[in-house]
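Quick notes on the structure that follows.
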Amino acid sequence: MKLSLFMLLISTVLIKTVFVRANPMINANEIEWLDIENWNKTIKLNKRGYDSQIKRISFYKGVDVSSIIALENSGIRYYNYNGQQQDLLKILADNGVNCIRVRIWNTPRTTSGYTYGGGNNDLNVATEIGKRAAKYGLPLFVDFHYSDFWADPGKQTIPKDWKNHNLNQRIFDIYRFTYGCLDWLLQNGALISMVQVGNETNCFMCGETDMSNIAKMMNNGAKAVRDINKNILIALHFTNPEKHDHMLWYASELAKAKVDYDVFATSYYSYWHGTVDSVKSVLGQIAQTYGKKVLMAEYSYPYVSKVVYNNNASYSLVYQGLSGTVFRYPISEDGQSQCIREMYKTMRSIRNGIGCFYWEPAWIAPNVNSDSKRKIIWEKYGSSWATKAAAEYDRGADPNITGGAEWDNQAVFDSNGKPLKSLWYLGHE
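Quick note, the sequence shown lines up with residues -22 to -1, 1 to 407 if you use mature numbering (1 follows the signal peptide of the UniProt record, and there is no 0).
So this is what it looks like as structure tokens:
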């Protein structure tokens, strides 16, 4: 396909918005990102450099607000400390946040166009977030899941369009998808600081469980990032840092396979993943042994045990008394603020520690007068954890139940979109 024709076609498609069922959006898997028969030549022709759009940050005070577009379409609004309604991204920037993490799924909808929810985070959504963030000088930390929906240690489902592809084909798919998405984001004005190749890839990535094969996938994703611009940081993301032997093994295997990356990243939810001294110890060992930067790619903490809506409806995933949780700070605004401060302090104290990203600090539920209306909105706009349609792809979803706003009690905004005192600490150490 001619590049000019391709760009014209894509530009007309991208301006359309879809949630439950509408005209098909851009499908990143179908785009001829590269002319495969003229591989090296095409890369050379398409290479733009983008140096002015690549932003290096010495210490990240970041947030992941991937659900922002779906939340806004669901009628949710956010307010600054003066009580004025504002763009969430401006509020975050004004309070010192310096980078926005955004997840990208391949095709998070059914073949009929029904969204899986969770923010509908495909390339279209990432592009819109990237353009808006750039207005406030905020670069992206792009988080590729290489799946059509949530990827984590329990599931790394192969994208529907890749399901019949063998390992070598998927390794190529990862290069093409990574390169194409980053190129498209930058063409459309996004700023980029860092790229994450895979999400919580604990011996599991894009359907693959053999670490040597995962390393090949990671290397090809990394190559795509380097081919876009060598100044973009490449992060590899794991979780369960309380399991020191596992984390050290991952780092060792990456070194043996000579995987090209800059940042060893982990999720750290203090109520699940042990003490802060424990995560400090293991990240410090990895930084010391392998000379890598280390990052807390996800963390959060509740300010209230549960957010309760009318008819006593509550959707919070993590709450006081939940089995398997240990709350290390008070469950209050002060406790949430204390958690944020300690995460920054911890990462500052580690050799090569480069910061933290608070996960979904604005994911609250639509403030309507009934639970049934709320669920209709979630299904329509994809602003809940998962819609009923997601069950066709994600075994954790239920075809009879709409997933709720499970993170609302860990937001830094109350149920009316008003900021808590903890918002300020996201941008201040």
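By construction, the Cβ of each residue, glycine as well, lies at the ideal position given by its N, Cα and C atoms.
Query, Result
"Three or more C-beta pairs below 8 Å linking the segment 187 to 205 and the segment 233 to 244", "yes"
"Span separating the alpha-carbon of G96 from that of Y281", "22 Å"
"When L163, V296 and D376 are compared against W250, the one with the closest alpha-carbon", "V296"
"Residues near E220 by beta carbon distance below 7 Å, same chain, minus five either side", "H251, G252 and S256"
"For P397, the residue or residues it bridges with in DSSP", "F391"
"Simplified DSSP assignment, three categories, for W11", "Only weak support exists for where W11 lies, its pLDDT of 47 falling under 50; the coordinates are left without a value."
"Opening and closing residue of the alpha helix (DSSP H) in which H222 lies", "H222 to K234"
"Residues near S400 in its chain [Cβ-Cβ closer than 7 Å; skip 5 each side]", "Y281, E311, Q314, S315, I318 and V390"
"7 Å Cβ cutoff met for I170 and P117", "yes"
"Closest Cα partner of G405 within the set D372, K323 and A375", "K323"
"Candidates A112, S348, Y247 and E357: closest to E320 by CA position", "Y247"
"Reduced DSSP secondary structure (H/G/I, E/B, other) of C159", "helix"
"N84 beta carbon less than 7 Å from that of P131", "no"
"Residue burial classification, G115 (beta-carbon count within 10 angstroms, cutoff 16)", "exposed"
"Cβ shell of I264 (< 8 Å), same chain only, five flanking positions each side left out", "M225, L226, A229, F242, K270 and V272"
"Contact belief for R329 with Q266 at Cβ below 8 Å, rounded distance in angstroms", "6 Å"
"Buried versus exposed call for N180 [16 or more other C-beta atoms within 10 Å across all chains shown]", "buried"
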